Structures are given as C-alpha cells and as structure tokens.
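A.B. asks: I'd like to ask some things about the structure below.
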Amino acid sequence: MIWTNWARTTSATPVRQAHPATEEELSDAVRRAVREGHTVRAVGAGHSFSAAAATDGVQLDLDRLNALHRVERDPGTGNALVTVGAGIRLHQLNQVLAERGLAMQNLGDIDRQTIAGAVSTGTHGTGARFGGMASRVRALTVVGADGEVTRCSPTENHDLFEASRLGLGATGVLSTVTVEAVPAFDLHAVEDVQPVDRVLEELDHLVDRSDHFEFFWFPTARKVQTLTNTRVEARADAGGPVSAGRRVRRAAAAVRTFIDDEVLSNVGLELTNRTATTFPAMTPALNSFAAQALRPRTYTAPSYEVLCNRRRVRFRETEYAVPRAVVADVLREIDGWLCSSGENVPFPLEIRFAPAEDVWLSTAYGRETAYVAVQQYWRLPYARYFDAAEQIFTAVGGRPHWGKMHSRDAEYLAGQYRRFPDFRRARGAADPDGVFANPYTRRVFG
Ligand SMILES: Cc1cc2nc3c(=O)[nH]c(=O)nc-3n(C[C@H](O)[C@H](O)[C@H](O)COP(=O)(O)OP(=O)(O)OC[C@H]3O[C@@H](n4cnc5c(N)ncnc54)[C@H](O)[C@@H]3O)c2cc1C
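My numbering puts the first residue of the sequence shown at 90, with every later residue one more than the last.
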C-alpha cells in the first residue's frame, strides 16, 4: 500500500496499516509492531506538507478513535474540559462542541485535520490574544512503545505532557486529547481590500485592535485582502428550533457563501492558477485582478464557520513564524524578491498573528509572533521561491511550522527553542529505542 499526503509532497509504503477501534487494540498494535521489529507512526488526515507522518513501518490510523469521552468543568477557569478520541476530525469536534454550547477558542483555516495531528504539529489560527491549538490542551493519554497507556497533564507526568502536546508523535501515540473549550461564540467578519503599504504601516494597530486579523497578499499586487473577525456573543436562538424566516435567511446566506467561497475563492483561484501555469506572462495581471476580485463583505456566523474554510485548490506550502516586530520588513523583502526574480507565483501569501506561548516546541514560544505562509500552486515549481523565502525567514530567527515544508535540521532548531534540550530528554525517556521515529523526526530532533 502506498500512502500519500494531501499536498502530494510525500509518500511512503508502510509495512502495514492498522485501524484500532479501542485503546486496547491500539496498545496491541504497538506491541505487535515492536515485537516484529517495526517502527510505528500514527497518521491523522495526512494534511501535513512535511513528511511528519510518513513511515515504512506500521502506520496507525486512528479514524475509529473519534468518540467524545467526557465534558468536565475546569475549577480554575470555569471553562469546559472536553476529552475526545485522538482521531476525531476537527469538523466533528466543532460539531460535538456546538451541540453543547461550546467552541474551540481559536482554529486554523480548515477543519479536515484530526485533533492529534493538529496539536502535534502546532497548528494555529490568527489572533494576537489567541494561541495555537496545542496551547489549549489540558491532558493527554499516550500509548508508549511497551503498549502501556500513560495519562499526562501539567500536574501528572509533566515532561511527557509538554513533549507530547506538540511533539510530532515522537513520544508515543496519543489516544485521547483533553482540550479546554470556551462558551460558543459568533464572529462578526469584515473582509476588505486595502493598499498593501497602508496595511504594513498600520499593522500593529490592525492586529491589536481586532480579535482575529489576517491578510492575503497576491505576489506583486499592491492591494491585499484583509480579514478582521470580532468575537460576539452567540445568537441566543443558535441551538433552538429553526423558524421559517430563519431557514430562508440561512438559505440566502448559504448561497452567498457558496458564491464567495466556492465560485470566487476556489473555482476562481483554480482558474487563475491554471491560466498562470499555461501563460506565465499573465501572472502579475492575474494577481492584481485576484487581489481586487474578492468583494468586500461583512457577515456574522458561528466561530468555526467563519474561521474554517474549504481549500479545494491543491498547493504546496512553507510557513515560518517570525518575531512580530520584524514581519513588515520580512514581507517587503519577499515582495522585493518576487518583483525582481520574475518567479511565476499565482498563489497568495497568508499572514497571521499569535501571542507568545509557553508550549515547549510552539513556533510562538516566548515571543509575539507573525506567521508568513508561502504557498505555490501544486502544478508549478516551488523550490526556488521557498528557498529564497527560507533565507529571509532564517535571517531573523524564523521557526518553520512543524507540519509544513522546510529544510531546517536539529542543529538550527536547537538554537531557536530554549526548551529543545528538555524536549529531547523527555523524548529519550519516553522512546529510548526510537520506535516512534521516522526520517523527518530524526532530521528535526536529531
Ligand atoms: C489545506 C491545508 C490547510 C492548512 N491550514 C493550516 C492552518 O490554518 N494553520 C496551521 O497551523 N496549519 C495548517 N495546515 C497544516 C495542518 O494543520 C497540520 O499539518 C496538521 O498536522 C495536519 O493534521 P493531520 O490530522 O492531517 O495530521 P498528519 O499530517 O496526518 O500528521 C501530523 C503529525 O501528527 C502525528 N500524529 C497524528 N496522529 C497522531 C496521534 N494520534 N498520536 C501521535 N501523533 C500523531 C503524525 O505522526 C505526524 O507527525 C493546513 C494544511 C492543509 C493541507
């Protein structure tokens, strides 16, 4: 069996795949693999661009471990602590939470990933006060190389917890994840088109005065699309019976969303990218057109519907976390390179923000962060563009997203993370024989 990731940037031939339906079956699958001398790797939805999930050993697919286990109240914050099977997809989790009047505090662009895959690679959204998904994890259960199940949290097996809540599955297989949820909320979304110079000049103001700010920049275009989302109380009738009027409003909103998200974003993007692939000389004009084609719009909807979108156009991506204070300079440098190199890039850059975090391997560890996602249509070459961007990022101490394409190794990364030695110690203690290793973890962790 050949396994390939979503972006088609990596593939592997696992010796076998297992689909455990219970924690016991998961433990047995690990024990059997070790007995037979195989390495083990859990796979989520295969949405990492890097080879994080690839293995020629035993691949564990946790799709069947997707149940809601329990909802408790955190005595400290009053928020709900929700324990789910590690293989639950984010769209399933969002639904489970919504049915209970709850939501994730923040989410990334899509909801196809598993919770385990998302936290293990440091998946993040945007918002100067709202951190990545691993920062919301409050407890885990981890299946070790001996098949034993260990519960860990900030107060129980602390180092295993820190190394497992964002650790590429290198300490073991997560079987359950406990996240801190918040009361359900809506987002008032404002999408606009603004001159790039103004956005870069006013960046701090734009980021700090809103809950969730980000922008998309089509290479060489002088306008960018800004998305500003403000948290508002969930509508009181959100979970109640649906009236005829509300059904009509919902249907109208769904049609508008379909036109904006599917026709303009996905179909339009595929079309401009195909055209740019065949006629590269048209790319600057197409980018400039694309930057303005997305109409300004405002709407209000449940948080997860606003934050997560369908991304149907396949692409490749590298993304770095850089100190927020230097992101405008970083972007001007990338823009300079794109303008002078003439590289054919019809895919937008995406720029997002995060607060400083304390998760050991969070790309936002210890500093206010800006994320710059450099993306390229999958039919076009990416290496020269990604290399050039990587040089710009690494010159300012950038940290690559663990689940996206990059060329960094353990030596570089050790210099970027103060808790790297602690992570390595915890990993060594949890998996001394490298049962859960693969070539990617060997490269990035040593
Ligand atoms: C279209 C698209 C949009 C994206 N948007 C964003 C975004 O907005 N923000 C962002 O930060 N990232 C984003 N990503 C990246 C993505 O969120 C991460 O790469 C994430 O890890 C993918 O989750 P997955 O379930 O597919 O995990 P996989 O890619 O299958 O696995 C990722 C890692 O998790 C490990 N793992 C999986 N399950 C377990 C388990 N049970 N126990 C231990 N380890 C496990 C794997 O071994 C691997 O190391 C996007 C990716 C795509 C393709």
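For each residue, glycine too, the CB sits at the ideal point set by N, CA and C. These figures come from a predicted structure and were not determined experimentally.
What does DSSP give as the partner residues of valine 208 in its beta bridges?
C.D. replies: By 1-based counting over the sequence shown, the position of residue 208 is 119. DSSP output for valine 208 lists no bridge partner at all.
A.B. asks: Let me confirm a value: serine 496 is counted as buried when at least 16 other C-beta atoms fall within 10 Å, else exposed. Which label applies?
C.D. replies: Taking the sequence shown and counting its residues from 1, one reaches residue 496 at position 407. Exposed is the call here.
A.B. asks: Taking the C-alpha atoms as reference points, what is the distance between valine 232 and valine 416?
C.D. replies: Numbered from 1 along the sequence shown, position 143 holds the residue referred to as residue 232. Numbered from 1 along the sequence shown, position 327 holds the residue referred to as residue 416. Approximately 39 angstroms between the Cα atoms of the pair.
A.B. asks: When the cut-off is 8 angstroms and only beta carbons count, does histidine 247 lie next to chain B?
C.D. replies: Of the protein chains in the structure, only one exists, and it is not chain B.
A.B. asks: Using only alpha-carbon positions, find the residue among Asn195, Leu375, Arg121 and Asn94 that is nearest to arginine 320.
C.D. replies: Along the sequence shown, read from residue 1 onward, the residue named residue 320 stands at position 231. For the residues Asn195, Leu375, Arg121 and Asn94, the minimum Cα distance to arginine 320 belongs to Asn195.
A.B. asks: Mapping DSSP to helix, strand and coil, what is tryptophan 426?
C.D. replies: Here residue 426 corresponds to residue number 337 of the sequence shown, with the count starting at 1. Three-state result, tryptophan 426: helix.
A.B. asks: Can you find the residues in the same chain that come closer than 8 angstroms, C-beta to C-beta, to serine 100, ignoring five residues on each side of it along the sequence?
C.D. replies: What you label residue 100 is simply residue 11 of the sequence shown in a count that begins at 1. Ile91, Trp92, Thr93, Asn94 and Ala143.
A.B. asks: Could you tell me which uninterrupted beta strand (DSSP E) segments, each at least 3 residues in length, are contained entirely in the stretch 382-407, listed from first to last along the chain?
C.D. replies: Fully enclosed beta strand (DSSP E) runs of 3 or longer: 386-391.
A.B. asks: Starting from asparagine 318 and walking both ways along the beta strand (DSSP E), at which residues does that stretch end?
C.D. replies: On the sequence shown, residue 318 is found 229 positions in, with the first residue counted as 1. Its beta strand (DSSP E) spans residues 312-322.
A.B. asks: Alpha carbon to alpha carbon, how far is glutamine 477 from proline 437?
C.D. replies: Here residue 477 is taken as the residue at index 388 of the sequence shown, counted from 1. Here residue 437 is taken as the residue at index 348 of the sequence shown, counted from 1. Residue 477 is actually alanine in this sequence, not glutamine. Answer to the nearest angstrom: the Cα atoms are 16 angstroms apart.
A.B. asks: Let me know the secondary structure DSSP gives valine 147 once reduced to three states.
C.D. replies: Position 58 of the sequence shown, counted from the first residue, corresponds to residue 147. Valine 147: strand per DSSP, three-state reduction.
A.B. asks: Counting only runs of 3+ residues fully inside the stretch 162-208, write out the beta strand (DSSP E) ranges in chain order.
C.D. replies: Runs of the beta strand (DSSP E) inside the stretch 162-208: 169-174.
A.B. asks: Measure the C-alpha to C-alpha separation of glycine 357 and valine 185 and round it to an integer number of angstroms.
C.D. replies: The sequence position of residue 357 within the sequence shown is 268, counting from 1. The sequence position of residue 185 within the sequence shown is 96, counting from 1. For glycine 357 and valine 185, the distance between alpha carbons rounds to 33 angstroms.
A.B. asks: Please determine whether the Cβ atom of valine 104 lies at a distance below 7 angstroms from any heavy atom of ligand 1.
C.D. replies: Looking up residue 104 in the sequence shown gives position 15. Result no, Cβ not under 7 angstroms from ligand 1.
A.B. asks: Please state whether DSSP places phenylalanine 302 in a helix, a strand or coil.
C.D. replies: Taking the first residue of the sequence shown as position 1, residue 302 is located at position 213. The answer is strand: DSSP assigns phenylalanine 302 an E or B state.
A.B. asks: Contact defined as beta carbons within less than 8 angstroms: I believe leucine 396 pairs with glycine 214. What is the distance between those atoms, to the nearest angstrom?
C.D. replies: Locating residue 396 in the sequence shown gives position 307, counting from the first residue. Locating residue 214 in the sequence shown gives position 125, counting from the first residue. With 8 angstroms as the limit, leucine 396 and glycine 214 qualify as a contact, their Cβ atoms being about 6 angstroms apart.
A.B. asks: What number of angstroms, rounded off, separates the C-alpha of glycine 82 from the C-alpha of alanine 443?
C.D. replies: Since the first and last residues shown for the chain are 90 and 535, residue 82 lies out of range.
A.B. asks: Whole angstroms is fine: what's the gap from alanine 207's alpha carbon to arginine 363's?
C.D. replies: Position 118 of the sequence shown holds residue 207. Position 274 of the sequence shown holds residue 363. Cα-Cα distance, rounded: 30 angstroms.
A.B. asks: Classify glutamate 237: buried if its beta carbon has 16 or more other beta carbons within 10 angstroms, exposed otherwise.
C.D. replies: Translated into positions along the sequence shown, residue 237 becomes position 148. Exposed.
A.B. asks: Buried or exposed for threonine 260, going by 16 or more other Cβ atoms inside 10 Å?
C.D. replies: Counted from its first residue, the sequence shown places residue 260 at position 171. Buried, because 16 or more other Cβ atoms sit within 10 Å of the Cβ of threonine 260.
A.B. asks: Answer yes or no: the CB of threonine 99 versus the heavy atoms of ligand 1, is any distance below 7 angstroms?
C.D. replies: On the sequence shown, residue 99 is found 10 positions in, with the first residue counted as 1. It does not: the Cβ of threonine 99 is nowhere closer than 7 angstroms to a heavy atom of ligand 1.
A.B. asks: Which of helix, strand or coil does DSSP assign to aspartate 476?
C.D. replies: What you label residue 476 is simply residue 387 of the sequence shown in a count that begins at 1. In this structure, aspartate 476 counts as helix in the three-state DSSP scheme.
A.B. asks: I'd like the list of long-range same chain contacts for threonine 387, defined as Cβ closer than 8 angstroms, with 5 residues on each side in sequence excluded.
C.D. replies: Within the sequence shown, the letter at position 298 stands for residue 387. The answer, listed in chain order, is His277, Ala278, Val279 and Glu280.
A.B. asks: For tyrosine 460, write down the residues that DSSP places opposite it in a beta bridge.
C.D. replies: The residue you call residue 460 lines up with position 371 of the sequence shown. According to DSSP, tyrosine 460 bridges with Ala410 and Arg441.
A.B. asks: Measuring alpha carbon to alpha carbon, tell me which residue in Glu303, Phe307 and Thr309 is nearest threonine 315.
C.D. replies: Residue mapping note: residue 315 aligns to position 226 of the sequence shown, counting from 1. Here the closest residue by C-alpha is Glu303.
A.B. asks: Helix, strand or coil, according to DSSP, for phenylalanine 250 in the structure here?
C.D. replies: Taking the sequence shown and counting its residues from 1, one reaches residue 250 at position 161. Helix.
A.B. asks: Could you check how far apart the C-beta atoms of arginine 130 and asparagine 527 are, in whole angstroms? I think they sit under 8 angstroms.
C.D. replies: As a working note, residue 130 is residue 41 in the sequence shown. As a working note, residue 527 is residue 438 in the sequence shown. Sure, about 6 angstroms apart at Cβ, within 8 angstroms.
A.B. asks: Do the stretch 162-173 and the stretch 266-273 meet, that is, are 3 or more Cβ pairs less than 8 angstroms apart?
C.D. replies: At 8 angstroms Cβ cutoff, the stretches touch.
A.B. asks: Just verifying my parser: in three-state terms, what is the DSSP assignment at leucine 263?
C.D. replies: Reading the sequence shown from its first residue, position 174 is the one you call residue 263. Of the three classes helix, strand and coil, the one that applies to leucine 263 here is strand, per DSSP.
A.B. asks: Return helix, strand or coil for glycine 329, following the three-state DSSP convention.
C.D. replies: Working through the sequence shown from its first residue, we reach residue 329 at position 240. Residue placement at glycine 329 is flagged as unreliable, the pLDDT there being 49, under the threshold of 50; the coordinate-derived value follows with that caveat. Looking at glycine 329 - three-state DSSP - the assignment turns out to be coil, as it is neither helix nor strand.
A.B. asks: How far does the beta strand (DSSP E) with histidine 277 in it reach, from first residue to last?
C.D. replies: By 1-based counting over the sequence shown, the position of residue 277 is 188. Unbroken beta strand (DSSP E) run through histidine 277: 274-284.
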